[in-house]
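Novice:
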Amino acid sequence: VNKDNTFQWPVFSDTIKGLELVSAGTIDTVLNGGKWKLKQELILTSFDSGYAVVPPMMLQVNSQQALSTAIAISITNPKVEADKDILDIKKPMAAPTDWLRIIVWVAGILLVLALIALVIYKLKNRKKEPSVEIDLGLSPYEYAQQQLAEIEKRQLWQAGRIKEYYTELTDVVRLYLENQMKLKAMESTADEVLEQILSLGLSKDLNAKFSQLLHTSAMVKFAKEKPSVAMNERAMESVKEFLSATKPVESKLEKNQNTTNPKV
């Protein structure tokens, strides 16, 4: 092709009857004496014996067209020698190792194991909170009454501090059970505290009131419920009734000593 001419190189179809294009090389160009010499290598394959034809390919130079001649191809099966074994098919190729994916998985597993080990260590080495002891010269009953008076004075629920109000009310009872009846109430759940209350043999009415107090307290803490004014007042009365019903009975000797030497 003259170097000043424009041309369109033929494009070989991917599939021709009986033949398939495996690969097409790049077009090599060599300038010689003012002309381009162009060359391209095509690799074809076939999977069946017989005859196939490479059709004419068209090269267009400027407005002229030139066609190659058709090429007939005879395709034969490979010869198998009878005295040699037929070779087995090749084994599947192993997929390349994705090291990044492996590292991410291993790091994730190690992190989870580390977190589990940390939780187990914390649980084993967790120190139980010591029970709160009262050392104010007051009996557990007197201290509980003092705490209730303080809660009333602060007017928590009236100021919208509902959660704090119910938390302090139930803590008064828990602390009273700890110090007056030597029960592990401070570390117990609400259900466990209720079981301890029911075991005291109080009246059904008082048990029902205290159960309602714990239920309301739980709804306030976890469901953000807003009890009515009557329920808030009833919660305080339930604690007072519980303290009154479980108040320790003083002996006559203790009464006389308290009268002679009143507490300051």
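Here the sequence shown stands for residues 7 to 270, where the numbers follow my numbering. All C-beta atoms in this analysis are idealised placements derived from N, C-alpha and C, irrespective of residue type, glycine included. Bear in mind that the values here come from a model prediction, so they are computed numbers and not experimental data.
(1) With a Cβ-Cβ cutoff of 8 Å, do residue 176 and residue 220 count as a contact?
(2) Can you check whether the CB of residue 50 is closer than 8 Å to the CB of residue 26?
(3) Tell me which residues share the same chain as residue 29 and place their Cβ nearer than 8 Å to its Cβ, disregarding the 5 neighbours each side in the sequence.
(4) In this structure, does DSSP put residue 71 in helix, strand or coil?
(5) Along the alpha helix (DSSP H) that carries residue 15, what are the first and last residues, could you check?
(6) Given this structure, state the Cα-to-Cα distance separating residue 223 from residue 173, to the nearest angstrom.
(7) Bridge partners of residue 8, per DSSP?
(8) Below 6 Å CB to CB, which residues in the same chain sit around residue 119 once its five sequence neighbours on both sides are set aside?
(9) Establish whether the CB of residue 64 and some CB of chain D are separated by less than 8 Å.
(10) Between residue 225 and the rest of its own chain, which residues show a CB-CB distance below 6 Å, the 5 nearest in sequence each way excluded?
(11) Around the Cβ of residue 161, are there at least 16 other Cβ atoms within 10 angstroms (buried) or fewer (exposed)?
(12) Taking contact to mean at least 3 C-beta pairs separated by less than 8 Å, is the region 48 to 68 in contact with the region 11 to 26?
(13) Among the residues of its own chain, which have a CB less than 7 Å from the CB of residue 82, if the five just before and after it don't count?
Specialist: In terms of the structure at hand:
(1) What you label residue 176 is simply residue 170 of the sequence shown in a count that begins at 1. What you label residue 220 is simply residue 214 of the sequence shown in a count that begins at 1. Yes, they are a contact pair.
(2) One-based indexing of the sequence shown puts residue 26 at position 20. One-based indexing of the sequence shown puts residue 50 at position 44. With respect to the 8 Å criterion, residue 26 and residue 50 are classified as neighbours on the basis of their beta carbons.
(3) As a first step, residue 29 is located in the sequence shown; it is residue number 23 there, counting from the start. Cβ contact annotation for residue 29 (same chain, cutoff 8 Å, sequence separation greater than five): 48 and 49, in chain order.
(4) Start at 1 with the first residue of the sequence shown, and residue 71 comes out as number 65. In the three-state scheme derived from DSSP, where H, G and I count as helix and E and B as strand, residue 71 is classed as strand.
(5) The residue given as residue 15 occupies position 9 in the sequence shown. No alpha helix (DSSP H) contains residue 15, which DSSP labels as neither H nor E.
(6) Residue 223 sits at position 217 when you count from the first residue of the sequence shown. Residue 173 sits at position 167 when you count from the first residue of the sequence shown. For residue 223 and residue 173, the distance between alpha carbons rounds to 7 Å.
(7) Start at 1 with the first residue of the sequence shown, and residue 8 comes out as number 2. Answer by DSSP bridge pairing, in chain order: 41.
(8) Numbered from its first residue, the sequence shown carries residue 119 at position 113. Hits under 6 Å: none found.
(9) The chain inventory of the structure shown lacks chain D, comprising one protein chain alone.
(10) Against the sequence shown, residue 225 aligns to sequence position 219. Counting only Cβ-Cβ distances below 6 Å, and skipping sequence neighbours, we find 231.
(11) One-based indexing of the sequence shown puts residue 161 at position 155. Exposed, because fewer than 16 other Cβ atoms sit within 10 Å of the Cβ of residue 161.
(12) The way I'd put it, the region 48 to 68 does touch the region 11 to 26; three or more beta-carbon pairs between them come closer than 8 Å.
(13) Indexing the sequence shown from 1 puts residue 82 at position 76. Answer for residue 82: 55, listed in chain order.
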